[in-house]
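As structure tokens, the structure follows; a few thoughts come after it.
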Amino acid sequence: MKSVFVYCEVENQKVADISQELLSTGKKLATKLDCPLEAMVFGSQLDEIENQVSPYGVDKIYIADDKRLEPYRTLPHSSLATYLLKQEDPQIVLFGATSVGRDLAPRLASALNCGLTADTTILDIGDHFVKKEKKEYKDLLYAIRPAFGGSIMANIINWDQHPQMATVREGVMKKEVFDENYKSEIVQVDVNSIVNEEDFVVKIIERHIEESDVNLKEAPIIVAGGYGVGSKENFEYLEELAKLLGGEVGGSRAAVDAGFIDHNRQIGQTGTTVRPKLYIAAGISGAIQHTAGMQDASMIISINIDPEAPINSLADYVIQGDLGVVIPKMIKFYKANAK
Amino acid sequence: MRPLKIVVLIKQVPDTRHVGPDAMKPDGTVNRGKLDTVFNPDDLHALELALNLKDRVPETEVTVMTMGPRRAADIIRDSFYRGADNGIMISDKRFGGADTLATSYTLVKAIQKLPAYDIIMGGRQAIDGDTAQVGPQCAEKLNIPQVTYVEEVISITNDEVVAKRRLSKGVETVSSPLPCLMTVHGASPACRSKEAKRVMKYKYARTNSEIRRNDEFMKELHAKRPYLTIPEWGVEDIDAEVTKIGLPGSPTKVKSVESIVLTASEAKVLSESDSDIEGMIKELIEHHTIG
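Residue numbers (this note's numbering), protein chains in the order written: chain A, 16 to 354; chain B, 69 to 359.
Below you can see the structure in the form of structure tokens.
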């Protein structure tokens, strides 16, 4: 049975979070299809990198270790991946919808003449009957993604030009270790026999990676504000509550656009996707653009003066009121009741 | 420095900020007739970057190219008003329903009809699909390097361009030989406005299929001023294989489309009274959600 393949991003000897998420999802797909899970890791100084990959239940890991492969550049990675995918002929290939994955995957899809679905948020396996051919195609990849500004979810399939490829949005799939002691077969790729000098014509002159001090994805509690918060000053209530509860502050696109909060704290389709234990939405109406990025929170509290705000239908608690009154009271009663 | 030939790939897109479920056809493809259209925002940034290079390198020629229905000629005229020199319309019913693979094939066949190019540019992504795929796919088919998410062109010489790229978590400056393809990030400068003089010059620019058969005024004007006629290329003009274009050339198909409905749950509705809020906080502490 043809495999499921994952392209792993690696930098400074660390496999990226998104790649670990992809491996976890890839394992689930491979289990459903009863096929092997394979991974490719291209970078520099990759000794023992397999220890970060194997636990996700990867059967075979292709490692290309060469100092010219890190940081990522399109052409050498593209040559290596094209070579391996032609040779291994997998049925499904997954990439992160990152600045690397979205640069690489389309180039490969063109080279392999196959389909690619961008920015998926749900992956599944299913069948499809093609009327014209009167034929049922079994076990296809359902690549499901929001489209049209998030107002619809489209299920994209590809039954005739394999592999089926997809990029997957960061932070949407869960990281799940399959077996700490899983044994993978390791294949060292002979880089020089695949890439040539022309693959290195693009040169990196300077590189500056910002380590974001905001970690919305990992925050157990998020206090988020929307346009309804009204001002930058009112966001201070949210910050105080978030700090007290050990959480982070986030904002909807409208709040970011209005300048109430920094764009690196934006939650939603064009921001970060989060799944905290508790999500407090203050003055957020709940446009799909926003809810798509937070609807998997375990518990949602909506504070809104509008009883008809769409977000209320997602909430576990709806507090109808002014956040300038409600949040100080939450702070007060938390302090009074917490041990 | 020698003048450059720049091709900017542009797209007219539905305004996805105002979409209803009636905008989709039963087969899951977009019913563009139901939607307002706009010049894809990132493509305007690409046009600006091209015009900026034209400012820096005298005699540079900027050609915009779009694939789309007849009315997409609107964005070619718009580009003329802002400073583009030439426009090419790629239009044929058989191009319809194309995914990114078929689109890039079609665009590349058209690009290969041009006598020369140094840089192919396009917006990073289009707001109707947000895929960001067509640029890299064109680069692969043209067998040239790609520089994606460009924010600024730092320098350009006869055979090399140095550009700053915006990454998910940082910035990177790279050099690439020419020719190359660049996709332009929305963080780059916004496009310059239309110039009144250019609007006057180009307001009657049309593709042939936009000119009504009995519109003698327009026909005469176009005969006198050939620059007003926007070339219109169909399948045969670009020697495209019909199996590689439109729906037949598209491996990805829409199986189904669902409008998003927020799932209703039984929310506890509270007031801002002390007792309601203290009650909620106590429940949250009790369930170890907080505290």
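Even for Gly, the Cβ is constructed at its ideal location relative to N, Cα and C. As the structure is a computational prediction, the values presented were derived from the model and not from experiment.
{"Query": "Which whole-angstrom value is the C-beta distance of B:GLY191 and B:THR251, which I expect to be below 8 Å?", "Result": "7 Å"}
{"Query": "Return the CA-CA distance between A:LYS354 and B:GLY359, expressed in angstroms with no decimal places.", "Result": "7 Å"}
{"Query": "By DSSP, does B:ILE353 sit in helix, in strand, or in coil?", "Result": "helix"}
{"Query": "So with CB distances below 8 Å, who are the chain A contacts of B:GLN214?", "Result": "THR89, ASP118 and ARG122"}
{"Query": "Evaluate B:ASP344 with the Cβ neighbour count: other Cβ atoms within 10 Å of its Cβ, from every protein chain shown; 16 or more gives buried, anything less gives exposed.", "Result": "buried"}
{"Query": "Excluding sequence positions up to five away, which residues of its chain have a Cβ less than 7 Å from the Cβ of A:VAL115?", "Result": "GLU24 and TYR87"}
{"Query": "Sort A:PHE20, A:GLN176 and A:TYR197 by Cα distance to A:GLY41 and report the nearest one.", "Result": "A:PHE20"}
{"Query": "Between which residues of its own chain and A:ILE140 is the CB-CB distance below 8 Å, once the five residues before and five after are set aside?", "Result": "LEU44, LYS47, LEU48, ASP154, LEU155, LEU156 and TYR157"}
{"Query": "For a cutoff of 7 Å on Cβ pairs, would you count B:VAL75 as touching chain A?", "Result": "no"}
{"Query": "Would you kindly check if the distance between the Cβ of B:ILE188 and the Cβ of B:VAL130 is under 7 Å?", "Result": "no"}
{"Query": "Does A:ASN211 have its Cβ less than 7 Å from a Cβ in chain B?", "Result": "no"}
{"Query": "Measuring straight from C-alpha to C-alpha, what distance separates B:GLU354 and A:MET345?", "Result": "15 Å"}
{"Query": "Using a 10 Å radius around the Cβ and a threshold of 16 neighbouring Cβ atoms, would you call B:ARG293 buried or exposed?", "Result": "exposed"}
{"Query": "Kindly confirm or deny that the region 212-227 of chain A and the region 70-77 of chain A touch, where touching means at least three C-beta pairs closer than 8 Å.", "Result": "no"}
{"Query": "I'd like the list of long-range same chain contacts for A:LYS347, defined as Cβ closer than 7 Å, with 5 residues on each side in sequence excluded.", "Result": "none"}
{"Query": "Kindly provide the ranges of any beta strand (DSSP E) runs that are 3 or more residues long and lie completely inside the region 159-229 of chain B, ordered along the chain.", "Result": "187-191 and 214-224"}
{"Query": "Tell me the DSSP secondary structure of B:ARG281 in three-state form.", "Result": "coil"}
{"Query": "Kindly list the residues whose CB is nearer than 6 Å to the CB of B:VAL230, restricted to its own chain and excluding five residues on each side of it in sequence; keep chain order.", "Result": "ILE222, SER223 and SER243"}
{"Query": "Give me the Cβ distance between A:CYS129 and A:GLN67, rounded to the nearest whole Å; I'm assuming they're in contact under 8 Å.", "Result": "28 Å between Cβ atoms; not a contact."}
{"Query": "My understanding is that A:LYS190 touches A:SER39, with C-beta atoms under 8 Å, so please give their C-beta distance in whole angstroms.", "Result": "5 Å"}
{"Query": "Mind listing the chain B neighbours of A:MET188? Cutoff is C-beta to C-beta under 7 Å, in chain order.", "Result": "Simply none; closest approach about 17 Å."}
{"Query": "Going by DSSP, name the residue or residues bridged to A:ASN319.", "Result": "A:GLN335"}
{"Query": "Should A:ALA79 be labelled buried (16 or more other beta-carbon atoms within 10 Å of its own) or exposed?", "Result": "buried"}
{"Query": "Counting pairs of Cβ atoms below 8 Å between the region 314-321 of chain A and the region 285-302 of chain A, do you hit three or more?", "Result": "yes"}
{"Query": "Among B:ARG138, B:PHE163 and B:THR105, which residue has its Cα nearest to the Cα of B:THR311?", "Result": "B:PHE163"}
{"Query": "Consult DSSP for A:LEU109 and reduce its assignment to one of helix, strand or coil.", "Result": "strand"}
{"Query": "Since I believe B:VAL132 is in contact with B:GLU121 (beta carbons under 8 Å), could you give me their beta-carbon distance rounded to a whole number of angstroms?", "Result": "It should be pointed out that residue 121 of chain B corresponds to Leu in this sequence rather than to Glu. Incorrect: roughly 14 Å between the Cβ atoms, too far for contact."}
{"Query": "Tell me the DSSP secondary structure of A:ASP32 in three-state form.", "Result": "helix"}
{"Query": "Got a sec, what are the start and stop residues for the alpha helix (DSSP H) B:ASN145 sits in?", "Result": "A small fix is needed here, since residue 145 of chain B is Arg in this sequence, not Asn. Run containing B:ARG145: 141-150, per the alpha helix (DSSP H) assignment."}
{"Query": "Using CA coordinates, which residue listed in A:SER300, A:GLY58, A:GLN304 and A:SER199 is at the minimum distance from A:GLN28?", "Result": "A:GLY58"}
{"Query": "Hey, could you find the ends of the alpha helix (DSSP H) A:GLY116 is sitting in?", "Result": "116-127"}
{"Query": "Out of A:VAL108, A:GLY308 and A:VAL244, point me to the one whose CA is closest to A:GLY339's CA.", "Result": "A:VAL244"}
{"Query": "Start and end of the beta strand (DSSP E) containing B:VAL322?", "Result": "321-327"}
{"Query": "Quick check: the Cα distance between A:LEU259 and B:ILE349, rounded to an integer number of angstroms?", "Result": "13 Å"}
{"Query": "Could you round the C-beta distance between A:ALA133 and A:ALA112 to whole angstroms and report it? I think they count as a contact, below 8 Å.", "Result": "7 Å"}
{"Query": "Answer yes or no: does any C-beta atom of chain B fall closer than 7 Å to that of A:THR288?", "Result": "no"}
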